[in-house]
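Participant:
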Ligand code: CUA
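Residue numbers (the working numbering): 36 to 372.
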């Protein structure tokens with residue numbers, strides 16, 4: 036048998052790094068995409084469940100380590116078979132069954148409240164597509180306002196999302212605001228979110244959906260209700276007319292190169308429904324489902340190198356266009372605030 040001191044060292048070697056790793060792991064869990072820094076009612080409930088599970092796991096781990104230390108250092112005698120059997124049945128089967136059943140029951144009881152709206156409120160339909168997000172706000176009049184890759188929400192209001200997909204299974208997840216729900220072709224799933232803090236958060240696709248799965252993100256901006264109302268009113272308007280001669284040439288290039296076959300710019304002849312609606316693309320926080328910043332350089336880069344930025348994306352790269360024309364296109368799109 037190994038000497039005492041060595042046992043203690045082995046124990047310390049096992050415990051200290053795992054505790055340190057746990058501290059590092061938890062301190063890494065903040066920022067705009069953290070389930071442990073909740074900014075919504077659903078995420079708060081899920082975080083509470085997580086902390087109870089963590090506390091339970093920690094308590095069980097401490098008890099097991101205590102028993103191990105006791106057996107190794109304090110009472111080094113063998114137990115009777117009867118005592119050993121009760122320890123195994125009680126600690127190994129009965130206790131985990133009770134604890135896990137209680138946690139499962141709590142988790143299942145949370146589910147209805149994470150799905151049902153308390154009262155009819157804001158409705159947003161989101162469709163996960165390879166590899167971007169089609170977002171439709173349903174207005175009180177029944178009309179819809181379509182945009183892409185960005186969602187804005189009023190703080191303190193319950194919002195119902197209806198989730199679909201036309202191609203493969205995606206999963207809609209805003210970790211700071213609530214749980215994730217799969218988007219399944221041929222079905223409509225639902226999720227209710229209620230942001231409790233203003234701020235900018237990040238949404239992601241949480242189900243592997245093809246080569247650019249990791250490049251399918253969106254920004255979520257939570258503001259006060261009035262600011263939200265002004266934003267939605269602005270998004271419902273048709274596109275602004277191009278201002279400068281360069282933007283005007285850009286609009287001409289947009290229409291003559293067939294961009295309108297896939298993209299819509301409301302108020303123009305571009306009425307395509309395959310790709311993202313670009314009516315107010317210049318007002319968004321990111322480009323290409325939040326893989327690029329939103330400025331003229333990023334538009335230029337995106338138009339010329341879609342395939343390099345997002346492998347297997349449906350939009351072809353337009354490297355063959357003269358650089359001057361791409362710059363004009365970028366100026367036009369950037370001006371669509
Ligand atoms: Cu869409 Cu992963």
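By construction, the Cβ of each residue, glycine as well, lies at the ideal position given by its N, Cα and C atoms. As the structure is a prediction and not an experimental result, all values here were calculated from the model.
Since residue 231 contacts residue 75 with CB under 8 Å, what's their CB separation in whole angstroms?
Facilitator: Residue 231 to residue 75, Cβ: 6 Å. Contact.
Participant: At a threshold of 7 Å, does residue 88 count as lining the ligand CUA (C-beta to nearest heavy atom)?
Facilitator: Result no, Cβ not under 7 Å from the ligand CUA.
Participant: Touching or not, the stretch 356-363 and the stretch 276-288, by the rule of three or more beta carbon pairs under 8 Å?
Facilitator: Touching, yes.
Participant: Could you spell out where the beta strand (DSSP E) holding residue 239 opens and where it closes?
Facilitator: Here the beta strand (DSSP E) through residue 239 covers 234-240.
Participant: Could you pull out every residue in the same chain whose Cβ sits closer than 6 Å to the Cβ of residue 340, ignoring the five residues on either side in sequence?
Facilitator: Same-chain partners within the cutoff: 352.
Participant: Can you tell me which of 370, 254, 140 and 293 puts its alpha carbon nearest to the alpha carbon of residue 84?
Facilitator: Per the Cα distances, 140.
Participant: Out of 295, 172 and 72, which has the shortest C-alpha to C-alpha gap to residue 308?
Facilitator: Of 295, 172 and 72, the residue nearest in Cα terms is 295.
Participant: Do the CB positions of residue 185 and residue 358 come within less than 8 Å of each other?
Facilitator: For residue 185 and residue 358, no; Cβs fall outside 8 Å.
Participant: In this structure, how does DSSP classify residue 332 when only helix, strand and coil are distinguished?
Facilitator: In this structure, residue 332 counts as helix in the three-state DSSP scheme.
Participant: Would you tell me roughly how many angstroms separate the C-alpha atoms of residue 136 and residue 211, rounded to the nearest one?
Facilitator: In a straight line, the C-alpha of residue 136 is about 27 Å away from that of residue 211.
Participant: Does the stretch 318-333 touch the stretch 249-268, meaning 3 or more C-beta pairs lie closer than 8 Å?
Facilitator: Enough Cβ pairs lie closer than 8 Å, so yes.
Participant: CB residue 249 to CB residue 215, shorter than 8 Å?
Facilitator: Taking 8 Å as the Cβ cut-off, residue 249 and residue 215 do not qualify as a contacting pair.
Participant: Which one of 151, 178, 306 and 282 has the shortest CA to CA distance from residue 369?
Facilitator: Nearest C-alpha to residue 369: 282.
Participant: What's the call for residue 133, buried or exposed, on a 16-neighbour Cβ count within 10 Å?
Facilitator: Its Cβ having fewer than 16 others within 10 Å, residue 133 is exposed.
Participant: Under 7 Å: does the beta carbon of residue 244 sit that close to some heavy atom of the ligand CUA?
Facilitator: Residue 244 Cβ: within cutoff of the ligand CUA.
Participant: Does residue 36 come out as helix, strand or coil in the three-state DSSP assignment?
Facilitator: Any reading at residue 36 needs caution, since the residue's pLDDT is 37, under 50, leaving its predicted position unreliable; the model's value is listed next. Residue state, collapsed to three classes: coil.
Participant: In the structure shown, what three-state DSSP assignment does residue 136 receive?
Facilitator: Helix at residue 136.
Participant: Around the C-beta of residue 264, are 16 or more other C-beta atoms found within 10 angstroms, so that it is buried, or is it exposed?
Facilitator: It is exposed - the Cβ of residue 264 has fewer than 16 other Cβ atoms within 10 Å.
Participant: Identify whether residue 220 lies in helix, strand or coil by the three-state DSSP scheme.
Facilitator: Residue 220: coil per DSSP, three-state reduction.
Participant: I need the boundaries of the beta strand (DSSP E) containing residue 206, first residue and last residue.
Facilitator: Start and end: 205-208.
Participant: Quick one: what does DSSP say residue 86 is sitting in, helix, strand or coil?
Facilitator: If DSSP states are grouped into helix, strand and coil, residue 86 belongs with the helices.
Participant: Counting along the chain, where does the beta strand (DSSP E) carrying residue 189 start and finish?
Facilitator: Unbroken beta strand (DSSP E) run through residue 189: 185-189.
Participant: May I ask which residues mark the beginning and end of the beta strand (DSSP E) holding residue 162?
Facilitator: Taken as a continuous stretch (DSSP letters only), the beta strand (DSSP E) holding residue 162 covers 157-164.
Participant: Since residue 239 and residue 72 should fall inside the 8 Å C-beta cutoff, what is the C-beta to C-beta distance between them, to a whole number of angstroms?
Facilitator: No, residue 239 and residue 72 are not in contact; Cβ-Cβ is about 15 Å, not under 8 Å.
Participant: Starting from residue 195, trace the beta strand (DSSP E) both ways and give me its first and last residue.
Facilitator: Residue 195 -> beta strand (DSSP E) spans 194-199.
Participant: What number of angstroms, rounded off, separates the C-alpha of residue 21 from the C-alpha of residue 371?
Facilitator: With the chain running from 36 to 372 in the structure shown, residue 21 is simply not present.
Participant: If you check the beta carbons only, do residue 196 and residue 159 fall under 8 Å apart?
Facilitator: Yes, these two residues count as a Cβ contact at 8 Å.
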